[in-house]
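Enquirer:
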Amino acid sequence: MLDHVIKGATVVDGTGAPARVADVGIRDGRIVAIGTVTEEARTTEDAHGLVLCPGFVDPHTHYDAQLFWDPYATPSMNHGVTTVAGGNCGFTLAPLHPDRPEDADYTRRMMSKVEGMALKALEEGVDWTWSTFGEYLDALEGRIAVNAGFMVGHCALRRHVMGADAVGGQPTPEQMQQMLDLFHDAMNAGAWGLSTTQSATHSDGDGAPVASRHAKPAELLALSKAVSEHEGTQLEAIVAGCLDQFADEEIDLFIEMSAAAGRPLNWNVLTIDAAVPERVPRQLVPSERARKAGGRIVALTMPILTPMNMSLGTFCALNLIPGWGEVLGLPVPERIAKLRDPEVRAEMLRRADSKEAGVFRRLANFGRYVIGDTYSEENEGLSGRVVNDIAAERGQDPFQCLVEICANDGLRTVLWPMPTDNDPASWALRAETWQHEDVMLGGSDAGAHLDRMCGAPYTTRFLGDCLRGRKLVPLERAVKMLTDDPAQLFGLRERGRIAEGFHADLVLFDPERIEAGPATLVHDLPGDSPRLDARAIGIVSVRVNGVETIRDDRVTGAVPGTVLRSGRDTRTVSTR
7 MLDHVIKGAT VVDGTGAPAR VADVGIRDGR IVAIGTVTEE ARTTEDAHGL VLCPGFVDPH
67 THYDAQLFWD PYATPSMNHG VTTVAGGNCG FTLAPLHPDR PEDADYTRRM MSKVEGMALK
127 ALEEGVDWTW STFGEYLDAL EGRIAVNAGF MVGHCALRRH VMGADAVGGQ PTPEQMQQML
187 DLFHDAMNAG AWGLSTTQSA THSDGDGAPV ASRHAKPAEL LALSKAVSEH EGTQLEAIVA
247 GCLDQFADEE IDLFIEMSAA AGRPLNWNVL TIDAAVPERV PRQLVPSERA RKAGGRIVAL
307 TMPILTPMNM SLGTFCALNL IPGWGEVLGL PVPERIAKLR DPEVRAEMLR RADSKEAGVF
367 RRLANFGRYV IGDTYSEENE GLSGRVVNDI AAERGQDPFQ CLVEICANDG LRTVLWPMPT
427 DNDPASWALR AETWQHEDVM LGGSDAGAHL DRMCGAPYTT RFLGDCLRGR KLVPLERAVK
487 MLTDDPAQLF GLRERGRIAE GFHADLVLFD PERIEAGPAT LVHDLPGDSP RLDARAIGIV
547 SVRVNGVETI RDDRVTGAVP GTVLRSGRDT RTVSTR
């Protein structure tokens, strides 16, 4: 007897093959029948007019902490994601040194700063009782609704071995060997490989460059070589040039790391903008050169324009504009005084428009900001209005106008920049770039920057756009880009397709309605901390390992997810 049969669905199987109407039978968490299914089943559902596809695989998340208080990985799972890759950007919650309890505090403060996770949620929502990476994975086993695999963060490895010297120091030969031993132990326990960052935007809770930024190439290559000794492993890395355009030495480093591991290396995020036509060719140079050197470099890029808010009051991307951090890091009264100084504003705008600002230049067009939530009588009626319009009424330049609005709220005002790359030429360039063999959809950062951005719904928003919007990609290819492509990159065993014998990770949706709702601020994290959320529209059902976890955008309470471990659940994707 079958556990469940989905009758008459339009099956898009993840391979790119044409859609077809079929029944799908599930037993013991696996797909066991596709076609006309006549075997008796405990439950059945009529899916005529609905699309059934594999569960989506999100290749770049930071659900490492959230899964402890939210085993459903919301809102990703609501939007059809059944497998998440965590432990990215060099940051993980393990390993932790058992004799240094202060390391957990350091990690919490670092994650709060660098990944925008609410410190109160990290303190109250996670028990922090593990030491080894394997113990961290065990702590999640049996209590999550999604499938989740995790890289090992380079920063955690360094901190465990070197203590406070991890920031600013270099490992001795003995410490380097200890780091390698610790890394091997993590991969033996099921870690997916190494994640690391050299990005200038990544600082810890004390404002210092995070530990991995102090690593020399020899250390990175030694760790990469260790990856080659374990089945089903990967590399993920971030450098400063990921945000705009790579330097020659960054390209060389990526290629050497991938070749040393004999494994793919993925990075994020490839920003595609027709106004900067030289960026995409430059960012794909590592991919082209890596294939000749025995490696593979994969660029992640988002298929939507991710809603992201800004603030002059709390840390956000504006702080990363050269010269802005010094002003925006001041106590609020001093900050307001500085921002009201015309000379200070002029210098800030000059720095924001300079080449050194890179991709952050796009944030400095303050006339195109929309005012979000406000908190003072003086700002009543301004929510939803464009700064350019308000500035014209007041006879002010846009930046001055924005500063005065924010000052009225004690800098608590929520600001929404309108995207600068929402033009037809940029969308045409995206469609062209997506065809490259080393470009893959991803980079949601789901689980991070919770009150700033909401990238998790990229799956439903992309499919809605493909079906009823710009229609840049046929449905069958769009589904493959969200399912089989990332599953193949990670070497996931029997996931990413609707095929007999595969795990029954499935999404059932209404093609006439599938979409993501607008991002809204909710206070549902531990400690009543805020985050952005977005409703999933048109998702009828999500199944993980055959068990329904979402029905009509509501979690069912089931936790059938698996902690995916390298080797057991992933096969080697060799580049050699």
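For the sequence shown, this note's numbering begins at 7 and goes up steadily by one. Ideal placement from N, C-alpha and C gives every residue a C-beta, glycine not left out.
Using a 10 Å radius around the Cβ and a threshold of 16 neighbouring Cβ atoms, would you call residue 54 buried or exposed?
Expert: In the sequence shown, counting from the first residue as 1, residue 54 sits at position 48. When all chains shown are included, residue 54 counts as exposed.
Enquirer: Once DSSP output is grouped into helix, strand and coil, what is the label at residue 161?
Expert: Taking the sequence shown and counting its residues from 1, the one referred to as residue 161 is at position 155. Looking at residue 161 - three-state DSSP - the assignment turns out to be helix.
Enquirer: Report the option in 251, 464, 276, 419 whose CA atom is closest to the CA atom of residue 338.
Expert: In the sequence shown, the residue the question calls residue 338 occupies position 332. Ranking 251, 464, 276, 419 by Cα distance to residue 338 puts 419 first.
Enquirer: With a Cβ-Cβ cutoff of 8 Å, do residue 101 and residue 188 count as a contact?
Expert: The sequence position of residue 101 within the sequence shown is 95, counting from 1. The sequence position of residue 188 within the sequence shown is 182, counting from 1. Contact: yes.
Enquirer: Based on Cα-Cα distance, which residue from 255, 428, 506, 107 lies nearest to residue 245?
Expert: Here residue 245 is taken as the residue at index 239 of the sequence shown, counted from 1. Cα-wise, what sits closest to residue 245 is 255.
Enquirer: For residue 548, list the residues DSSP reports as bridge partners.
Expert: Position 542 of the sequence shown holds residue 548. Partner(s): 513, 556.
Enquirer: Whose C-beta lies closer than 6 Å to the C-beta of residue 536 among residues of the same chain, with five residues either side of it excluded?
Expert: As a first step, residue 536 is located in the sequence shown; it is residue number 530 there, counting from the start. For residue 536, where only same-chain residues beyond five positions count, the Cβ hits under 6 Å are 457, 527, 529.
Enquirer: Looking at C-alpha atoms only, which residue of 198, 9, 313, 524 is the closest neighbour of residue 237?
Expert: Position 231 of the sequence shown, counting from 1, holds the residue named residue 237. Answer by Cα proximity: 198.
Enquirer: Which same chain residues end up closer than 6 Å to residue 571 when comparing Cβ atoms and leaving out the 5 residues on each side of it in sequence?
Expert: What you label residue 571 is simply residue 565 of the sequence shown in a count that begins at 1. So the list reads 196, once near-sequence residues are dropped.
Enquirer: Are the Cβ atoms of residue 531 and residue 127 separated by less than 8 Å?
Expert: On the sequence shown, position 525 is the one that residue 531 refers to. On the sequence shown, position 121 is the one that residue 127 refers to. Contact: yes.
Enquirer: What would DSSP say about residue 166, mapped onto helix, strand or coil?
Expert: As a first step, residue 166 is located in the sequence shown; it is residue number 160 there, counting from the start. Three-state DSSP puts residue 166 in a helix.
Enquirer: Excluding the five sequence neighbours on either side, which residues of its own chain have a C-beta within less than 7 Å of the C-beta of residue 147, listed in chain order?
Expert: By 1-based counting over the sequence shown, the position of residue 147 is 141. Around residue 147: 569.
Enquirer: Whose C-alpha, out of 573, 579, 576, 567, is nearest the C-alpha of residue 79?
Expert: One-based indexing of the sequence shown puts residue 79 at position 73. Among 573, 579, 576, 567, the Cα nearest to that of residue 79 is on 567.
Enquirer: Could you give the C-beta distance for residue 96 and residue 216, rounded to a whole number, given that I count them as a contact under 8 Å?
Expert: Counting from one through the sequence shown, the residue named residue 96 turns up at place 90. Counting from one through the sequence shown, the residue named residue 216 turns up at place 210. So it is a contact: roughly 7 Å between Cβ atoms.
Enquirer: For residue 13, which residues in the same chain have their Cβ closer than 8 Å to its Cβ, ignoring the five residues on either side in sequence?
Expert: Along the sequence shown, one-based indexing puts residue 13 at 7. Cβ neighbours of residue 13 beyond the five flanking positions: 29, 43, 50, 51, 52, 53, 54.
Enquirer: Terminal residues of the continuous alpha helix (DSSP H) containing residue 179?
Expert: Numbered from 1 along the sequence shown, position 173 holds the residue referred to as residue 179. 179-194 is the span of the alpha helix (DSSP H), which, as asked, contains residue 179.
Enquirer: Count Cβ pairs between the region 428-445 and the region 57-75 that sit closer than 8 Å; are there 3 or more?
Expert: no
Enquirer: Taking the alpha carbon of residue 455 as the point to measure from, which residue in 139, 321, 171 has its own alpha carbon closest?
Expert: Stepping through the sequence shown from its first residue, residue 455 is reached at position 449. Among 139, 321, 171, the Cα nearest to that of residue 455 is on 321.
Enquirer: Please say whether residue 453 and residue 69 have beta carbons closer to each other than 8 Å?
Expert: For the purposes of this step, residue 69 is taken as residue 63 along the sequence shown, with counting starting at 1. For the purposes of this step, residue 453 is taken as residue 447 along the sequence shown, with counting starting at 1. In contact: residue 69 and residue 453 (Cβ atoms closer than 8 Å).
Enquirer: Starting from residue 63, trace the alpha helix (DSSP H) both ways and give me its first and last residue.
Expert: Walking along the sequence shown from the start, residue 63 turns up at place 57. No alpha helix (DSSP H) contains residue 63, which is instead part of the beta strand (DSSP E) from 62-64.
Enquirer: Please report the distance separating the alpha-carbon of residue 284 from that of residue 250.
Expert: As a first step, residue 284 must be located in the sequence shown, where it is residue number 278. As a first step, residue 250 must be located in the sequence shown, where it is residue number 244. Straight-line Cα distance between these residues: approximately 10 Å.
Enquirer: Using a Cβ distance threshold of 8 Å, determine whether the region 336-351 contacts the region 472-482, with at least three qualifying pairs required.
Expert: no
Enquirer: For residue 541, which option in 464, 174, 497, 129 has the closest C-alpha, if you only look at C-alpha atoms?
Expert: As a position in the sequence shown, residue 541 is number 535, starting the count at 1. Residue 541 has its Cα closest to that of 464, out of 464, 174, 497, 129.
Enquirer: Three or more C-beta pairs under 8 Å: does that hold for the region 19-33 against the region 416-432?
Expert: no
Enquirer: With respect to the beta strand (DSSP E) encompassing residue 539, which residues constitute its N-terminal and C-terminal limits?
Expert: One-based indexing of the sequence shown puts residue 539 at position 533. 537-539 is the span of the beta strand (DSSP E), which, as asked, contains residue 539.
Enquirer: Buried or exposed for residue 503, please, with buried defined as at least 16 other CB atoms from any protein chain shown within 10 angstroms of its CB.
Expert: Translated into positions along the sequence shown, residue 503 becomes position 497. So residue 503 ends up on the buried side.
Enquirer: With a threshold of 6 Å on Cβ separation, who are the neighbours of residue 374 within its own chain once the five nearest residues in sequence on each side are excluded?
Expert: Indexing the sequence shown from 1 puts residue 374 at position 368. Cβ neighbours of residue 374 beyond the five flanking positions: 424.
Enquirer: Between the Cα of residue 133 and the Cα atoms of 145, 123, 140, which residue gives the shortest distance?
Expert: Here residue 133 corresponds to residue number 127 of the sequence shown, with the count starting at 1. Taking each of 145, 123, 140 in turn and checking the Cα distance to residue 133, the smallest one comes out for 145.
Enquirer: Using only the alpha-carbon positions, how far apart do residue 312 and residue 364 sit?
Expert: For this step, residue 312 is matched to residue 306 along the sequence shown. For this step, residue 364 is matched to residue 358 along the sequence shown. The alpha-carbon atoms of residue 312 and residue 364 are separated by roughly 19 Å.
Enquirer: Would residue 84 and residue 559 qualify as a contact pair, given that the criterion is a beta-carbon distance under 8 Å?
Expert: As a position in the sequence shown, residue 84 is number 78, starting the count at 1. As a position in the sequence shown, residue 559 is number 553, starting the count at 1. A contact, by the Cβ cut-off of 8 Å.
Enquirer: Taking only runs that begin and end inside the region 279-364, name each unbroken beta strand (DSSP E) of 3 or more residues, in chain order.
Expert: 302-307
Enquirer: Which runs of the beta strand (DSSP E) spanning at least 3 residues fall entirely within the region 19-89, listed in chain order?
Expert: 26-33, 36-41, 47-52, 57-60, 62-64
Enquirer: Quick check on residue 579: does DSSP put it in helix, strand or coil?
Expert: Numbered from its first residue, the sequence shown carries residue 579 at position 573. Residue state, collapsed to three classes: coil.
Enquirer: Assuming residue 486 is part of the alpha helix (DSSP H), what are its boundary residues?
Expert: As a position in the sequence shown, residue 486 is number 480, starting the count at 1. Note, residue 486: alpha helix (DSSP H), 481-488.
Enquirer: How many angstroms separate the CA atom of residue 445 from the CA atom of residue 306?
Expert: In the sequence shown, the residue the question calls residue 445 occupies position 439. In the sequence shown, the residue the question calls residue 306 occupies position 300. Straight-line Cα distance between these residues: approximately 6 Å.
Enquirer: Does the Cβ-Cβ distance between residue 263 and residue 243 come in under 8 Å?
Expert: Translated into positions along the sequence shown, residue 263 becomes position 257. Translated into positions along the sequence shown, residue 243 becomes position 237. For residue 263 and residue 243, yes; Cβs fall inside 8 Å.
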